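Visitor: I have a structure I would like to understand better, so I am pasting it below and will then ask my questions one at a time.
2 protein chains.
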Amino acid sequence: MVPDTQSTEKILAKKYLEECKEFIDQSISRFLPEKDGYPKSIHESMHYSLFAGGKRLRPSLLIASAEAVGGSRSDVLPFAVAVEFLHTYTLIHDDLPALDNDSLRRGKPTNHKVFGEAIAILAGDALLTQAFVLMTNPHLMEAVSHQNILRASQEIAKAMGSTGVIGGQVVDLESEGKKIDASTLEYIHIYKTGFFFKACVRVGAILSGASHSQVGALSRYGAHIGLAFQIIDDILDIVGDKKELGKDIGSDIDKEKATYPAMFGLEDSKKKAESLVDEALECLEEFDERADPLREIARFFVQRTF
Amino acid sequence: MVPDTQSTEKILAKKYLEECKEFIDQSISRFLPEKDGYPKSIHESMHYSLFAGGKRLRPSLLIASAEAVGGSRSDVLPFAVAVEFLHTYTLIHDDLPALDNDSLRRGKPTNHKVFGEAIAILAGDALLTQAFVLMTNPHLMEAVSHQNILRASQEIAKAMGSTGVIGGQVVDLESEGKKIDASTLEYIHIYKTGFFFKACVRVGAILSGASHSQVGALSRYGAHIGLAFQIIDDILDIVGDKKELGKDIGSDIDKEKATYPAMFGLEDSKKKAESLVDEALECLEEFDERADPLREIARFFVQRTF
């Protein structure tokens, strides 16, 4: 029996993502102080959240983008690991009582529930810092020029700052329980999620010596799938499977968070995500088959159930 | 009337530090998103703590170190501002209720008292991130090689991490109310304070193209004055003037924190700080008069009253 196209893509994307996840998982520890290194509590805390079931989507996108322009995954590995450190730091801080006050993440107690608030705050700080320890070490990336290493570090730092991911988180927090308009909701999604995805895709390409126009096309691709990813996230919070997602369903509603489905309805939100993915795919038209993993990941993003 | 040598040094060091402070203060804003930039709360919060009366000691040391090896302060300015961002982030996070729970800093309400815990956590994160936005931007430092920019960024990132400043903070927190030995106390002081001072001094030199042996000598200088600075900090917490210090006296005792005077007595602690400064001065023997500001700052560190 031949599976339909959609399922084939889902399988291919899952396979690629699993392969990248394995590659990342094997490498994380060697870029971190040891789990029982002194002082023990903070290193345990950092390891705990890094190995709490992350899907490694951001590193996988970074790798797929590098490979799409002829780069190699081992050359971009330190950045791939660094973006996972950054993602993990944002999760630890977002879950804190003063922010989203979440006690469960991917089916496990959140960092502050296990290690206390002080260590959770410092573990987040330490992961953010450790990301830059990796990104500024040219000895880990001998095939990459110093100029491109700096350019890539700069891209990531800007994307994560107060006019990027952190800015999105601030507006998200300040919008809880309030009636916000569609442009504010889009701001939150683009800044909190989209900027980071876009930066991962750009950086994979920059480190691999991509041309200006390639970086531009991948940048648009990244922005589109970033927003699509967040819309699907909102949808899964309503219709998803608690077990598959590893978190409670309906938490956005409980927190009176503005979401795409709440504002536009489930059906139109799904359509919006699908059309964003179509636009993302159009951005890849000039790329050859080495960009297939990027294409499959984009399609997978709207089909995912976790 | 001729002032005695000690007073002359105090005046010279103060003048140099004031000059550097002015240079830094004038530059901070241009390296930051605007105070009323969207989202407003986080940018106000970042500006609030950056302009809450900091002495700019770390940037001044970085500049003095650059000038000691023939470098220029304008070439190292982005790093000088970045280390002040980093210092400010550590203060905002240290003051949080889950950590030191301080409500007053330099005579003003702490960041979370004004902006709430969530924004304070995110403002700290944003300052830490913004520091790397500056440090990885070669266009701000055209006289410095890409290699040296990366080397300097790497030094700072390592010093601030879980096996540096954050590690010191963790051990400090976990030692509150406990009886600790002298080596643990030294660990806290060296890691929490000394590493950062040392990194500032090293980075000023590295960015200015200093030789390996110069960086080594300055590194030892930085480690010595860093520890001396923290010992004097402990002493001032007991005998200092609340108004001059801008914070409550006796807070270490209230928090049952281990300190040098508590462990060795006031007199021996003062002697230890003085002998560290003497050792620091010895490290500068091979340097000419361009290292005088470093010499004066070292002597000033044990004479300061704020």
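Top to bottom, those sequences are chains P and R. Counting in my numbering, the first sequence runs from 1 upward without gaps. Counting in my numbering, the second sequence runs from 1001 upward without gaps. From the three backbone atoms N, C-alpha and C, an ideal C-beta is built for every residue, glycine too. From a predicted model like this one, the values you see are computed outputs, not experimental measurements.
#1: Taking the beta carbon of P/V239 as the centre, do at least 16 other beta carbons fall within 10 Å, making it buried, or is it exposed?
#2: I need the DSSP call for P/K108, collapsed to helix, strand or coil.
#3: Given a threshold of 16 other Cβ atoms within 10 Å of its Cβ, counted over all protein chains shown, does P/R151 qualify as buried or as exposed?
#4: Can you pull the chain P neighbours of R/H1146, defined as C-beta to C-beta under 7 angstroms?
#5: Quick one: residues in its chain with C-beta nearer than 7 angstroms to the C-beta of R/C1020, no 5 flanking neighbours on either side, listed in chain order?
#6: Which of helix, strand or coil does DSSP assign to P/K15?
#7: Expressed to the nearest angstrom, what Euclidean distance is found between the alpha-carbon atoms of P/V302 and P/I225?
#8: At 7 angstroms on the CB atoms, spell out the chain P contacts of R/M1160, in chain order.
#9: Any residues in the segment 162 to 180 of chain P with a beta carbon nearer than 8 angstroms to a beta carbon of chain R? Which ones, in chain order?
#10: Name the chain R residues that come within less than 8 angstroms of P/P109, Cβ to Cβ?
#11: What is the DSSP secondary structure of R/L1062, reduced to helix, strand or coil?
#12: Among R/Y1016, R/D1288, R/A1298 and R/K1271, which residue has its Cα nearest to the Cα of R/L1281?
#13: Is the CB-CB distance between P/I156 and P/A217 below 8 angstroms?
#14: Sort P/Q230, P/I188, P/Y260 and P/Y221 by Cα distance to P/E285 and report the nearest one.
#15: Provide the residue span of the alpha helix (DSSP H) that contains R/Y1187, from first to last.
#16: Measuring CB to CB, does R/A1123 end up less than 8 angstroms from R/F1115?
#17: Looking at the structure shown, is P/A258 part of a helix, part of a strand, or coil, going by DSSP?
#18: For R/T1184, tell me which candidate among R/G1168, R/I1092, R/K1015 and R/L1086 has the shortest Cα-Cα distance.
#19: Given this structure, state the Cα-to-Cα distance separating R/T1088 from P/V133, to the nearest angstrom.
#20: Secondary structure at R/L1150, three-state DSSP: helix, strand or coil?
#21: Is P/H146 near R/H1112, with beta carbons less than 8 angstroms apart?
#22: Could you work out which residue in P/I235, P/K158, P/T193 and P/E274 is closest to P/M263 when comparing CA atoms only?
#23: Which residue from R/T1259, R/E1018 and R/D1075 puts its Cα closest to that of R/S1175?
#24: Distance cutoff 8 angstroms, beta carbons only. Does P/F132 sit that close to anything in chain R?
#25: Starting from R/G1222, trace the alpha helix (DSSP H) both ways and give me its first and last residue.
#26: Whole angstroms are fine: how far does the CA of R/S1027 sit from the CA of P/D252?
#27: One question on the structure: do P/I42 and R/S1065 come within less than 8 angstroms of each other, judged by their Cβ atoms?
#28: Count the other C-beta atoms from every protein chain shown that fall within 10 angstroms of the C-beta of P/E117, then say buried if there are 16 or more, exposed otherwise.
#29: Between P/R295, P/F229 and P/L207, which has its C-alpha nearest P/R73's C-alpha?
#30: I'd like to know whether the C-beta atoms of R/Y1016 and R/P1261 end up nearer to each other than 8 angstroms.
#31: Give the residues from the segment 1023 to 1054 of chain R that approach chain P closer than 8 angstroms (Cβ to any Cβ), ordered along the chain.
#32: Give me the residue from P/G250, P/S219, P/G204 and P/K255 with the minimum Cα distance to P/E67.
#33: Under 8 angstroms Cβ-Cβ, which residues of chain P neighbour R/I1121?
#34: Within its chain, find whatever has a CB closer than 6 angstroms to the CB of P/A291; leave out the 5 residues flanking it on each side and keep chain order.
#35: Can you grab the Cα-Cα spacing for the pair R/E1034 / R/P1078, in whole Å?
#36: When we look at the beta-carbon of P/N101 and count the other beta-carbons within 10 Å, is it buried (16 or more) or exposed?
Guide: Taking the structure as given:
#1: P/V239 comes out exposed.
#2: Taken through DSSP and simplified to helix, strand or coil, P/K108 comes out as strand.
#3: P/R151 counts as buried, since at least 16 other C-beta atoms from the protein chains shown sit within 10 angstroms of its C-beta.
#4: Simply H146, Q147 and L150.
#5: The residues R1056, P1059, S1060 and I1063, in chain order, have a CB closer than 7 angstroms to that of R/C1020 in the same chain once the five nearest residues on each side in sequence are set aside.
#6: Under the three-state reduction of DSSP, P/K15 is assigned to helix.
#7: Rounded to the nearest whole angstrom, the C-alpha separation of P/V302 and P/I225 is 9 angstroms.
#8: From the beta-carbon of R/M1160, the residues of chain P found nearer than 7 angstroms are T129.
#9: Against chain R - using a Cβ distance shorter than 8 angstroms - the residues of the segment 162 to 180 of chain P are S162, T163, I166, G167, Q169, V170, V171, L173 and E174.
#10: Under the 8 angstroms cutoff, chain R gives no residues; its nearest Cβ is about 17 angstroms from P/P109.
#11: Looking at R/L1062 - three-state DSSP - the assignment turns out to be helix.
#12: Checked all of R/Y1016, R/D1288, R/A1298 and R/K1271; the closest Cα to R/L1281 is R/A1298.
#13: No, the pair does not count as a contact, with Cβ atoms beyond the cut-off.
#14: Nearest of P/Q230, P/I188, P/Y260 and P/Y221 to P/E285, Cα basis: P/Y221.
#15: R/Y1187 -> alpha helix (DSSP H) spans A1182 to H1189.
#16: It is a contact, given that the beta carbons lie within the stated cut-off.
#17: Secondary structure of P/A258 (DSSP, three-state): coil.
#18: Measuring from the Cα of R/T1184, the nearest candidate turns out to be R/G1168.
#19: Looking at the backbone, the Cα of R/T1088 and that of P/V133 are separated by about 20 angstroms.
#20: Here R/L1150 sits in helix by DSSP.
#21: Contact flag unset, no.
#22: Here the closest residue by C-alpha is P/I235.
#23: The shortest Cα separation from R/S1175 among R/T1259, R/E1018 and R/D1075 belongs to R/T1259.
#24: Between P/F132 and chain R, the shortest Cβ-Cβ separation is below 8 angstroms.
#25: Unbroken alpha helix (DSSP H) run through R/G1222: H1212 to V1239.
#26: Here the alpha carbon of P/D252 sits roughly 42 angstroms from the alpha carbon of R/S1027.
#27: In terms of Cβ geometry, P/I42 and R/S1065 do not form a close pair [threshold 8 angstroms].
#28: Under this definition P/E117 is a buried residue.
#29: Comparing Cα positions, the closest option is P/L207.
#30: No; because the gap between Cβ atoms is not below 8 angstroms, this pair is not in contact.
#31: Here the close residues are P1033, G1037, Y1038, P1039, S1041, I1042, H1043 and M1046.
#32: If we check each option's Cα against that of P/E67, P/G204 comes out closest.
#33: Correct list: H93, L96, A98, L99 and I121.
#34: In the same chain as P/A291, and ignoring 5 residues on each side of it, the C-beta atoms closer than 6 angstroms to its own belong to A68 and L284, in chain order.
#35: If you take the alpha carbons of R/E1034 and R/P1078, they lie about 17 angstroms apart.
#36: Per the 10 Å Cβ criterion, exposed.
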